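Input: a single structure, listed below in C-alpha cells.
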Amino acid sequence: ERMASGSNPEENVMCAVCLDIFTDPVTLQSCYHSFCRECMESHRAATIPDPLCPVCRTPISETNLWSDQQLRNMSENVREERMGRRQREALCQGHQKILELFCQTDLVLACWSCVEAVEHRGHTLEVVEDAAERHK
C-alpha cells in the first residue's frame with residue numbers, strides 16, 4: 001500500500017499524521033501503515049491505554065513498530081529533490097542569480113543585478129530574511 005498509485009513521488013513518503021515527508025519512518029507490523037517515529041510515539045501516548053493505527057484503527061502494541069530504512073532512504077531522496085527544486089525556483093529568471101532581496105516598492109523578490117537595473121532603481125529594498133521576519 002505504501003506505493004500509492006499517484007505519479008507524485010511525495011505521495012509515497014507522506015506521514016498521515018503530520019502530512020509531511022517522513023522523518024525517521026516506522027511501519028506498524030499489524031497493518032503495514034507507516035508514520036514518522038515522533039508522530040507515532042505522540043499518537044500512542046495520546047491514545048493510551050488502547051492505541052490504534054491512525055489510518056485503519058488496528059490495535060498497536062509497544063513492539064509493533066519496525067524502523068523502515070528503505071522508506072527512510074526514499075524520504076530523504078524526495079526531501080533532497082524538494083530542496084533542489086526550491087533552490088532552482090529561488091533564482092532570478094532574468095539574471096539566474098539568487099533572489100536575496102525584497103523590493104518593498106514592487107512587492108517582489110530581486111537579485112543584486114536587479115537592483116542595478118532600471119526597474120528597481122530608487123526603490124526600497126531589504127534582505128529577504130529581514131522582510132520575512134518583519135512580516136511574521
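Sequential numbering of the sequence shown, starting at 1, is according to UniProt numbering. A virtual CB, placed ideally from N, CA and C, is assigned to each residue, including glycine. Nothing here was measured: the structure is a model prediction, and the numbers come from that model.
Kindly identify the DSSP beta-bridge partner or partners of P59. L52
For D68, count neighbouring C-beta atoms within 10 Å of its own C-beta (all shown protein chains included) and say buried if the count is 16 or more, exposed if not. buried
By how many angstroms is the C-alpha of A131 removed from the C-alpha of V115? 16 Å
CB-CB under 6 Å to E126, same chain, minus the five flanking residues each way: which ones, in chain order? F102
Could you work out which residue in R72, C111, E80 is closest to C92 when comparing CA atoms only? C111
Measure the C-alpha to C-alpha separation of L99 and L19 and round it to an integer number of angstroms. 29 Å
Could you round the C-beta distance between R72 and D24 to whole angstroms and report it? I think they count as a contact, below 8 Å. 7 Å
Could you check which residue in S42, C15, E133, E119 has the C-alpha nearest to that of Y32? C15
Let me confirm a value: C56 is counted as buried when at least 16 other C-beta atoms fall within 10 Å, else exposed. Which label applies? exposed
Could you pull the start and end residues of the beta strand (DSSP E) that A132 belongs to? Here A132 belongs to no beta strand (DSSP E); instead the alpha helix (DSSP H) covers 128–134.
With distance defined between alpha-carbon atoms, name the residue in L109, A117, H120 nearest to E129. L109
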